[in-house]
Amino acid sequence: MTCRMHDDAADFRTAVSRFPTGVTVIATSDGTKLAGMTANAIFSLSLNPPSIVVSLQNDAETTRLIGLTRKAAVSFLSSDQRQVSEIFSRRNSQTEKFRTVPWTEGNNGQPIIEGCISALEIDVQSMIPAADHQLVIANVTRIVNSSGLSPLIYYSSGYATVEPDGRLVLPPVKRDHSS
Ligand SMILES: Cc1cc2nc3c(=O)[nH]c(=O)nc-3n(C[C@H](O)[C@H](O)[C@H](O)COP(=O)(O)O)c2cc1C
Numbered sequence: 225m226t227c228r229m230h231d232d233a234a235d236f237r238t239a240v241s242r243f244p245t246g247v248t249v250i251a252t253s254d255g256t257k258l259a260g261m262t263a264n265a266i267f268s269l270s271l272n273p274p275s276i277v278v279s280l281q282n283d284a285e286t287t288r289l290i291g292l293t294r295k296a297a298v299s300f301l302s303s304d305q306r307q308v309s310e311i312f313s314r315r316n317s318q319t320e321k322f323r324t325v326p327w328t329e330g331n332n333g334q335p336i337i338e339g340c341i342s343a344l345e346i347d348v349q350s351m352i353p354a355a356d357h358q359l360v361i362a363n364v365t366r367i368v369n370s371s372g373l374s375p376l377i378y379y380s381s382g383y384a385t386v387e388p389d390g391r392l393v394l395p396p397v398k399r400d401h402s403s
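Going by my numbering, the sequence shown opens with residue 225, and the numbers climb by one from there.
As structure tokens, then:
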């Protein structure tokens, strides 16, 4: 198979959409205001100390509030939380997001989405500007793992579905002119 080189934004978007990921909601609270957004640009940085990196766009309300609180909770969504992902990826009011979706306060006072597969409470160590994003480097201060749930998977601009036998089925690959 030939891998043809293109440099426009659509081809780049197509290429990265072919990398399946889990889906999280990263959320923060300053005690008065809440902000949260869907994020899949996340990876574990180290086990010792347990730390993660999340890439957040500069112009998101959530990024701005995390810069102030320096704390957050990351909820790994379960396969039946597709709607949660959609709600938290909209640029609608934060009040609306947290009114629609059930959440609880973690030990660090940060919002954890109810029904998630796992959650991490984090302390932000640094925020490194990169392109139009911030690389948020954070230590994990508490881990919550539930059992018996499947992850929500994002792939090719869609979500995987769960078959009655529990198998996860990816959405079809979107073809474009360069494939
Ligand atoms: C599946 C999925 C994954 C996303 N991952 C990220 C991400 O990793 N980083 C990011 O900055 N935006 C990501 N977004 C977009 C944000 O969720 C979206 O811009 C959101 O409206 C920002 O929220 P806020 O401005 O209300 O804080 C993702 C959207 C979707 C649907």
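Where a beta carbon is used, it is the ideal one built from N, C-alpha and C, also for glycine. Just so we're clear, the structure is a prediction, and the values are computed from it rather than from any experiment.
- Thr287 carries a helical assignment under DSSP once its states are collapsed to helix, strand and coil.
- Less than 9 Å divides the Cβ of Leu359 from the Cβ of Met351.
- Of the candidates Pro375, Val247, Thr252, the residue whose Cα lies closest to the Cα of Asp347 is Thr252.
- With a threshold of 16 other beta carbon atoms within 10 Å, Val249 meets it and is buried.
- Gly255 is classed as exposed because its beta carbon has fewer than 16 other beta carbons within 10 Å across all chains shown.
- Fully enclosed alpha helix (DSSP H) runs of no fewer than 4 residues occupy 285–293, 306–312 of the segment 239–315, in order along the chain.
- Here the alpha carbon of Ala362 sits roughly 14 Å from the alpha carbon of Gln334.
- Residue pairing by DSSP leaves Ile341 without any beta bridge partner.
- For ligand 1, no non-hydrogen atom lies closer than 8 Å to the CB of Met351.
- Taking 9 Å as the cut-off, the Cβ atoms of Pro326 and Asn282 do not count as close.
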